[in-house]
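Only one structure is covered here, and it is reproduced in the block below.
There are 4 protein chains.
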Amino acid sequence: MQYNKLLEEIFREIKPIIGQGKVADYIPALANVDPRKFGMSISTVKGINFSTGDVDEKFSIQSISKVFTLTLAFSKLGEEIWSRVGREPSGNAFNSLIQLEYEQGIPRNPFINAGAIVITDILISLLDDPYTELLDYIRLLSGSKNIRYDEKVAQSERENGFTNAALVNFLKSHDNIKNDVEKVLDVYFHHCSITMTTNELSKSFLYLSNHGSIPNSDHRVLTKSQAKRINALMLTCGTYDEAGDFAYLVGMPGKSGVGGGIAAIIPNELSVAVWSPTLNKKGNSLAGTKALELLTTKTGLSIF
Amino acid sequence: MQYNKLLEEIFREIKPIIGQGKVADYIPALANVDPRKFGMSISTVKGINFSTGDVDEKFSIQSISKVFTLTLAFSKLGEEIWSRVGREPSGNAFNSLIQLEYEQGIPRNPFINAGAIVITDILISLLDDPYTELLDYIRLLSGSKNIRYDEKVAQSERENGFTNAALVNFLKSHDNIKNDVEKVLDVYFHHCSITMTTNELSKSFLYLSNHGSIPNSDHRVLTKSQAKRINALMLTCGTYDEAGDFAYLVGMPGKSGVGGGIAAIIPNELSVAVWSPTLNKKGNSLAGTKALELLTTKTGLSIF
Amino acid sequence: MQYNKLLEEIFREIKPIIGQGKVADYIPALANVDPRKFGMSISTVKGINFSTGDVDEKFSIQSISKVFTLTLAFSKLGEEIWSRVGREPSGNAFNSLIQLEYEQGIPRNPFINAGAIVITDILISLLDDPYTELLDYIRLLSGSKNIRYDEKVAQSERENGFTNAALVNFLKSHDNIKNDVEKVLDVYFHHCSITMTTNELSKSFLYLSNHGSIPNSDHRVLTKSQAKRINALMLTCGTYDEAGDFAYLVGMPGKSGVGGGIAAIIPNELSVAVWSPTLNKKGNSLAGTKALELLTTKTGLSIF
Amino acid sequence: MQYNKLLEEIFREIKPIIGQGKVADYIPALANVDPRKFGMSISTVKGINFSTGDVDEKFSIQSISKVFTLTLAFSKLGEEIWSRVGREPSGNAFNSLIQLEYEQGIPRNPFINAGAIVITDILISLLDDPYTELLDYIRLLSGSKNIRYDEKVAQSERENGFTNAALVNFLKSHDNIKNDVEKVLDVYFHHCSITMTTNELSKSFLYLSNHGSIPNSDHRVLTKSQAKRINALMLTCGTYDEAGDFAYLVGMPGKSGVGGGIAAIIPNELSVAVWSPTLNKKGNSLAGTKALELLTTKTGLSIF
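Top to bottom, those sequences are chains A, B, C and D.
Numbering-wise (this note's numbering), the first sequence opens with residue 60 and increments by one.
Numbering-wise (this note's numbering), the second sequence opens with residue 60 and increments by one.
Numbering-wise (this note's numbering), the third sequence opens with residue 60 and increments by one.
Numbering-wise (this note's numbering), the fourth sequence opens with residue 60 and increments by one.
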């Protein structure tokens with residue numbers, strides 16, 4: 060398929076709505092991002108990369124990091140992680156405390172904040188250095204040495220992150236956090252602050268379209284079954300309380316972040332990353348979601 | 060693929076857990092079903108049928124009928140139906156009133172009871188005879204003339220259906236029911252009472268694995284895009300508040316009913332129906348779910 | 060105390076806000092009431108009556124009838140009624156289904172709709188003729204023969220009462236309704252449709268300020284302890300989810316209705332009824348609440 | 060009235076149930092209290108004190124301190140405090156986060172934890188030294204110099220207080236906490252750790268039975284109207300989600316704490332404090348509640 064031509068076509072069609080919606084404004088570092096940015100990259104399992112727009116500019120991947128932390132924890136602990144976090148869509152906003160209270164401190168899934176915080180806690184218990192090892196892991200997945208934390212964002216999140224501080228304390232009150240709450244928050248906010256380009260991000264998701272191994276390498280990240288399972292979780296839980304609509308309109312397993320990025324995959328075929336900082340009401344990139352919808356509509360690609 | 064051999068293998072492995080769980084007991088007609096029944100049928104898009112167990116015995120399809128009513132309403136009204144029902148997983152039990160109250164009478168999706176009741180109301184407004192026309196529709200899809208309502212079940216549901224009566228009255232109080240509440244309930248309970256065999260059921264789902272048209276016929280039920288969209292809805296919402304687990308473990312779009320049936324599909328490949336009356340805690344067939352998990356594990360088939 | 064002068068003073072001060080708020084408009088019979096009406100009557104335990112404004116005009120007492128039905132059921136069954144309804148403030152709107160679902164069909168208290176419907180069901184089981192006997196009971200309490208149902212209101216409620224139909228069906232699904240749902244609704248809507256004047260209403264509440272017996276008669280309605288308990292329930296649950304504010308600002312046990320009436324009492328001293336059809340956001344008479352607040356502020360009367 | 064004789068009678072009758080229920084065990088300092096302790100003190104507005112049992116033993120007043128902090132804040136800020144906390148019963152457990160999320164960080168009332176934390180935050184902004192000034196205030200109210208914090212309890216609460224840490228962070232995320240979260244928690248936990256005897260506690264509540272001024276002194280704590288309003292709040296919100304039952308059975312405005320203490324009042328007449336460490340399921344002293352019920356039953360005293 061002529062992905063270059065396709066990407067140009069999508070970019071052209073998407074232009075009128077770039078900038079529609081609202082940039083995340085809860086911390087200055089995100090509020091100040093140029094709302095007119097747009098980048099989109101496709102990486103095929105055969106190892107070819109296609110891209111258009113601002114594809115070499117770093118942006119804050121935010122919740123997309125939850126896929127990497129889950130993958131790392133899952134590859135180390137296996138099914139055991141499900142004793143501490145569920146696998147069901149939450150039906151609520153990403154930072155809600157309500158369900159958590161009804162369900163005694165077991166988050167619905169690893170892609171809402173509470174669930175990702177529990178995964179962070181698991182990683183802290185497992186790893187010698189949860190800061191460095193996650194960066195190295197993403198460097199391996201993306202094939203890029205140039206993956207870093209944005210300390211300014213991490214710091215800013217920490218100073219304003221009272222909802223997440225509420226979540227981690229509440230989880231601790233239900234004994235579902237084993238480490239110190241300040242430590243957990245610091246590691247969690249660092250993971251969220253990672254910056255990547257769409258080129259790096261699409262490459263880093265290839266293992267999920269390639270049954271768990273990095274294409275053109277002998278590195279297996281997950282078993283085939285585990286990779287499918289992460290994809291299933293992304294489909295049912297990857298885009299907050301818009302997962303149903305995303306599956307309906309886009310038809311790809313994917314994960315979004317409030318920085319305006321979305322990464323998604325078609326098994327056996329490709330991974331794709333898109334970035335446009337302005338968000339719709341559910342907190343997903345407005346133009347990014349539409350760009351992915353155009354991708355599946357134009358190609359007929361879809362898991363369904 | 061040697062589906063005959065595969066089905067025998069699954070049947071053999073599943074035998075120890077057949078009868079585990081609980082038969083639905085809210086009406087006598089369901090409570091009296093033999094808990095040891097098991098049937099499984101596979102229909103390929105090439106038109107071949109494979110089956111094992113009690114595959115010619117009629118059982119109550121119950122909520123699986125929600126796929127047929129949605130398909131019929133969707134084919135007639137298109138995207139307009141989404142003004143009255145959502146497309147998101149509910150995160151609650153299938154008959155919950157809570158979300159409905161918070162969200163002012165718009166059911167989360169067409170596969171929870173409240174959503175299916177709204178779809179029934181839409182069909183009553185659209186069709187001359189909502190009783191006969193749905194039967195004829197399923198006869199067309201399944202290629203079997205022998206599809207009927209179980210009047211005893213419909214009657215029994217009506218006499219005990221106070222939760223559904225609460226739902227329809229609540230929806231009416233929010234002006235999301237246009238017809239008479241008694242009429243809506245009667246049509247709804249009739250749809251739920253339809254009986255089918257697994258052979259009939261697997262054939263009747265083939266249009267969803269075949270991009271919207273019935274294989275080996277020139278009959279198109281839905282557009283390709285619409286068929287994908289129904290599949291997406293089944294994946295995120297088709298198995299009540301167990302949809303996440305079902306996607307994770309089975310990896311197929313599917314729909315279950317409290318009669319113990321489940322129908323599911325792999326696009327371009329096959330549809331499958333399984334029946335085992337005893338249910339797990341979330342209300343899905345216990346052995347049926349496991350049989351489908353074995354199917355995707357053994358074949359490597361999965362949408363992910 | 061010079062209650063005549065006091066009532067004139069209150070009337071004068073309240074005039075500017077009469078008509079503020081909104082008349083209940085869910086049925087035409089209530090929507091068409093003149094929003095400028097205002098009446099207020101005080102009855103002392105010594106048997107003297109004072110009044111000002113439209114005090115001989117009948118209005119729909121609506122939920123104030125819940126005090127009479129509770130009193131009648133309580134006098135007949137005693138503490139046994141609490142196995143089917145609670146005694147706690149609901150913290151939610153008067154017609155909410157949410158708490159009912161979480162608490163498996165046991166309404167929080169007898170003054171929200173669900174609780175009063177259960178009390179109606181109890182009365183139907185206890186009484187030969189629940190229509191006539193309640194009227195006779197209120198005639199006895201008020202000393203007025205002229206207490207009747209407004210059939211037009213009862214009929215109109217029935218035709219529009221889908222929320223209450225949802226409640227009664229939901230209660231029935233939890234086995235907390237023993238009689239036919241249509242019968243329960245009809246009796247309940249009739250009780251709500253009773254019309255009274257403020258003069259009649261204030262007299263009919265005297266037994267609650269007089270420790271359970273009707274003053275200047277030898278008729279005991281409740282034991283002293285039971286009368287106190289009904290007063291306690293009115294204080295914590297009598298004005299929907301505004302009970303806290305009503306206790307804080309007014310300081311009297313009382314019960315309101317969407318017809319714009321409020322009846323309240325000071326033990327050993329007096330009962331008072333006020334009517335002004337326009338309601339505040341919580342569904343209580345706006346001017347009526349203010350008039351009662353002026354009453355306790357000006358007299359220093361208060362249970363606190 | 061012969062309160063000495065009455066107290067002996069109550070003590071005798073209550074003995075069989077002393078020790079029933081469960082001592083609060085979330086921190087060691089409370090878990091180790093002797094479950095057989097019982098003390099009860101009555102102080103009349105005329106200045107006489109009556110008592111029975113372990114009335115000179117200090118216990119942790121815990122949430123009863125919420126009455127003192129509210130009184131202090133109310134006397135300084137007046138009705139302005141209601142912009143940051145409501146006046147309605149919560150209908151939920153004392154430490155629930157659910158309602159807080161639905162109502163955007165405005166706690167239902169000042170007697171649930173979230174509300175008291177907001178009051179603490181107000182005091183920190185108002186007072187030079189919120190630690191010393193509250194102690195001095197209670198010393199004034201009780202006429203006892205010997206009122207102190209239990210630093211061990213305060214420390215232990217802090218180390219285990221993850222639910223309250225969740226609450227304060229959540230309130231801060233809604234901008235309803237103005238000071239540093241750690242500071243707020245420290246002051247809050249200190250207030251909860253105050254120890255008093257039932258003799259001290261009953262005396263310290265006399266201003267609430269005496270219309271806002273300390274009997275036999277010229278010290279006015281609150282206006283008459285303000286004192287009534289605190290009493291109204293205690294009645295509707297003072298005993299967690301058991302306030303309705305407490306009003307129904309006991310009929311006095313009162314406030315309980317998980318240390319097993321309850322303080323309550325009859326306007327114009329008396330205040331009473333009771334202590335028995337074992338709690339019922341709603342978190343109120345089991346024998347203490349019963350003792351107060353006996354008090355009002357035997358004397359006929361009741362606000363209703």
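For glycine and all other residues, C-beta sits at the position ideal for the given N, C-alpha and C.
message = So the candidates are D:L281, D:K357 and D:D277; which of them puts its Cα closest to the Cα of V309 of chain D?
response = D:K357
key: Residues in the stretch 131-160 of chain C having any Cβ partner in chain B nearer than 7 Å   = S155, L156, I157 and E160
Start-end ranges of the alpha helix (DSSP H) lying completely within the stretch 178-209 of chain B, minimum 4 residues = 189-201
Interface residues of the stretch 291-310 of chain B facing chain G [CB-CB below 7 Å] = Absent here is chain G; the protein component of the structure consists of chains A, B, C and D.
key: I140 of chain B - DSSP class collapsed to helix/strand/coil   = helix
ask   = Does the separation of the CB atoms of A346 of chain A and I76 of chain A fall below 7 Å?
value = yes
Alpha carbon of L182 of chain A to alpha carbon of V240 of chain A, nearest angstrom = 14 Å
task = Check V227 of chain C in the structure and name its three-state DSSP category.
result = helix
key: C-alpha distance - S276 of chain A paired with K211 of chain A, whole-angstrom precision   = 35 Å
key: Proximity winner among C:C296, C:P336, C:G78 and C:A332, relative to L66 of chain C (alpha-carbon distances)   = C:A332
message = Here's the rule I'm using: 16 or more other beta-carbon atoms within 10 Å means buried, otherwise exposed. How should D209 of chain B be labelled?
response = buried
ask   = Ordered along the chain, which non-local residues of its own chain (more than five positions away) have a Cβ less than 6 Å from that of G28 of chain D?
value = With chain D covering only 60 through 363, there is no way to say anything about residue 28 of chain D.
key: Residues near H250 of chain B by beta carbon distance below 7 Å, same chain, minus five either side   = S124, T128, T179 and L193
Alpha-carbon to alpha-carbon, D234 of chain D and Y161 of chain A = 25 Å
query = Within 7 Å (strictly less), CB to CB, does K314 of chain D reach chain C?
reply = no
query = Which chain D residues are close to K231 of chain A, counting only those with a beta carbon under 7 Å from its beta carbon?
reply = F221
ask   = Since L244 of chain B contacts N258 of chain B with CB under 8 Å, what's their CB separation in whole angstroms?
value = Not a contact, Cβ separation roughly 31 Å.
query = So which residues on chain D does I362 of chain C lean against when the C-beta distance must stay under 8 Å?
reply = P326, I362 and F363
Expected contact under 8 Å - CB spacing of S102 of chain B and S232 of chain B to nearest Å = S102 of chain B to S232 of chain B, Cβ: 43 Å. No contact.
inquiry  = Could you compute how far the alpha carbon of P326 of chain B sits from the alpha carbon of S201 of chain A?
reply    = 31 Å
ask   = Is it the case that the Cβ atoms of G318 of chain D and S335 of chain D are separated by a distance below 7 Å?
value = no
request  = May I ask you to report which of helix, strand or coil DSSP gives K311 of chain B?
outcome  = In the sequence under discussion, the amino acid at residue 311 of chain B is Met, which differs from the Lys named in the question. Coil.
query = Under 7 Å Cβ-Cβ, which residues of chain D neighbour R288 of chain C?
reply = Y307
query = By DSSP, does F133 of chain A sit in helix, in strand, or in coil?
reply = helix
query = How would you list, in chain order, the residues of chain A whose beta-carbon sits under 7 Å from the beta-carbon of N168 of chain B?
reply = G303
query = With S263 of chain D and I362 of chain D assumed to form a contact (beta carbons below 8 Å), what rounded beta-carbon distance in angstroms separates them?
reply = Between I362 of chain D and S263 of chain D the Cβ distance is about 20 Å, and since that is not below 8 Å, they are no contact.
message = From the DSSP secondary-structure annotation, give me the bridge partner or partners of R279 of chain A.
response = A:S272
inquiry  = Against A224 of chain A, what residues of chain D qualify as contacts under a CB-to-CB distance less than 7 Å, listed in chain order?
reply    = N228
key: Nonlocal neighbours in the same chain, by C-beta distance under 7 Å from Y62 of chain A, ignoring five residues either side   = I101 and F109
request  = For the alpha helix (DSSP H) holding L244 of chain D, just list the boundary residues, first then last.
outcome  = V240 to C251
message = Tell me the residue span of the alpha helix (DSSP H) that contains A322 of chain C.
response = Looking at the DSSP string, A322 of chain C is not in any alpha helix (DSSP H); the run it does join, the beta strand (DSSP E), is G320 to I325.
query = Would you call the CB atoms of N168 of chain A and G145 of chain A closer than 7 Å?
reply = yes
task = Express the C-alpha separation of M311 of chain C and F118 of chain D in angstroms, rounding to a whole number.
result = 34 Å
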